[in-house]
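K.L.:
The structure follows.
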Amino acid sequence: MPFLETERGRAYFRHWASPQPRAAVVFLHGFGEHTGLYHRYGFALNAAGIDLWAVDQFGHGLTPGDRGDFGTLEDSGALAAALTDLASADDVPLVLQGHSFGAVATLFLLLGEPETYRAGVVSGAPLVPVPALADATSTFEIAPNQLSADPFYLDAIENDPLAFVDADGGPLARELNRGWDGFGELLPTLTVPTLAVHGSNDPIAPVGALRAYADQIEPLSLVEVEGGGHDILNDVSHREVAAAIVEFIHSSCAQCG
Numbered sequence: 001m002p003f004l005e006t007e008r009g010r011a012y013f014r015h016w017a018s019p020q021p022r023a024a025v026v027f028l029h030g031f032g033e034h035t036g037l038y039h040r041y042g043f044a045l046n047a048a049g050i051d052l053w054a055v056d057q058f059g060h061g062l063t064p065g066d067r068g069d070f071g072t073l074e075d076s077g078a079l080a081a082a083l084t085d086l087a088s089a090d091d092v093p094l095v096l097q098g099h100s101f102g103a104v105a106t107l108f109l110l111l112g113e114p115e116t117y118r119a120g121v122v123s124g125a126p127l128v129p130v131p132a133l134a135d136a137t138s139t140f141e142i143a144p145n146q147l148s149a150d151p152f153y154l155d156a157i158e159n160d161p162l163a164f165v166d167a168d169g170g171p172l173a174r175e176l177n178r179g180w181d182g183f184g185e186l187l188p189t190l191t192v193p194t195l196a197v198h199g200s201n202d203p204i205a206p207v208g209a210l211r212a213y214a215d216q217i218e219p220l221s222l223v224e225v226e227g228g229g230h231d232i233l234n235d236v237s238h239r240e241v242a243a244a245i246v247e248f249i250h251s252s253c254a255q256c257g
């Protein structure tokens, strides 16, 4: 089994490889997820000549840790950096992508290391405080139907032993609060072309904040999916979403056809 070695510990990763990649995506998932939920997305990217590298973050999937505890934003950044080192061996344009909490970590990396990635992609990005995490001492629980309307994905969320919808919300709230505290000042300095894909009915991270930021920040563009939920990459519109991301990656990478 493939593992990354980091200062905090080992982390499991997956690689969906296309025969002759023209770009590579480094991906950070969200709360309660793991990389095994992204096979459809990986295959969609591969069909477009794009590799997908994804890591089970700490406390998720096959990577050790307390359930739901990502550690710090810096821990997530270190995982992305280690995966980026592997992906860069193919000498293709690199795209950093994250979903939900992974989107917050992705934005901080794009802000701090703009020269590393040709482009960025975020989905379900919580750019303003989430009411359910106002009390950092409570359990954070998500109803599966808030995430997606896709029956295949809902079955995976409910029956996959590596997936979950509830955990101690304290560590998650702590790191999200750090992100929210900095976004107002830092996000306007974004220089890396970044695509946000977001469901119009996302109850966890309402799309209004993204609309406002996209209107103000030139490198940030928004594709709003009508009726979409929080886990927009795995919602009923997953083909439409994957196609929009592929188009964005190809247009952002000079070496992509």
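Residue 163 in the UniProt record's numbering sits at position 163 of the sequence shown, with consecutive numbering throughout.
Cβ atoms here follow ideal geometry from the backbone N, Cα and C, with glycine treated the same way.
Name the residue from Val236, Val122, Ala244 whose alpha carbon lies nearest to the alpha carbon of Val104.
P.N.:
The shortest C-alpha separation from Val104 is found at Val122.
K.L.:
When the distance is taken between beta carbons, is Ala205 closer than 8 Å to His238?
P.N.:
Not in contact: His238 and Ala205 (Cβ atoms no closer than 8 Å).
K.L.:
Less than 8 Å between CB atoms is the rule here; does His99 satisfy it with respect to chain B?
P.N.:
Looking at the structure shown, chain B is missing, and only one protein chain is on hand.
K.L.:
What would DSSP say about His99, mapped onto helix, strand or coil?
P.N.:
Residue state, collapsed to three classes: strand.
K.L.:
When you compare only the Cα positions, how much space is there between Pro64 and Ala244?
P.N.:
C-alpha separation (whole angstroms): 34 Å.
K.L.:
Measure from the alpha carbon of Ser200 to the alpha carbon of each residue in Leu52, Phe31, Tyr153, Ile232, then state which is nearest.
P.N.:
The option with the nearest alpha carbon to Ser200 is Ile232.
K.L.:
Quick one: what's residue 260 bridged to in DSSP?
P.N.:
Since the first residue of the chain shown is 1 and the last is 257, residue 260 is not available in this structure.
K.L.:
So, under 8 Å CB-CB, Phe43 and Glu175 are touching, yes? Tell me the CB distance rounded to an integer number of Å.
P.N.:
Phe43 to Glu175, Cβ: 31 Å. No contact.
K.L.:
What are the start and end residues of each continuous beta strand (DSSP E) run of 3 or more residues lying completely inside the region 46-114, in chain order?
P.N.:
Segments of the beta strand (DSSP E) lying fully in the region 46-114: 50-55, 94-99.
K.L.:
Return the bridge partner residues of Gly182 from the DSSP annotation.
P.N.:
DSSP output for Gly182 lists no bridge partner at all.
K.L.:
Output the distance between the C-alpha atoms of Glu74 and Ala47, rounded to the nearest integer angstrom.
P.N.:
Each residue's Cα considered, the two are about 32 Å apart.
K.L.:
Is the beta carbon of Ser88 sitting closer than 8 Å to the one on Leu94?
P.N.:
Yes; because the gap between Cβ atoms is below 8 Å, this pair is in contact.
K.L.:
When we look at the beta-carbon of His29 and count the other beta-carbons within 10 Å, is it buried (16 or more) or exposed?
P.N.:
Buried.
K.L.:
Would DSSP call residue 259 helix, strand or coil?
P.N.:
Any question about residue 259 goes unanswered here, given that the chain covers just 1 to 257.
K.L.:
Return the chain-ordered list of same chain residues with a C-beta closer than 6 Å to the C-beta of Phe3, the five sequence neighbours on each side being excluded.
P.N.:
Excluding residues within five positions, the ones whose Cβ falls inside 6 Å are Arg10, Tyr12.
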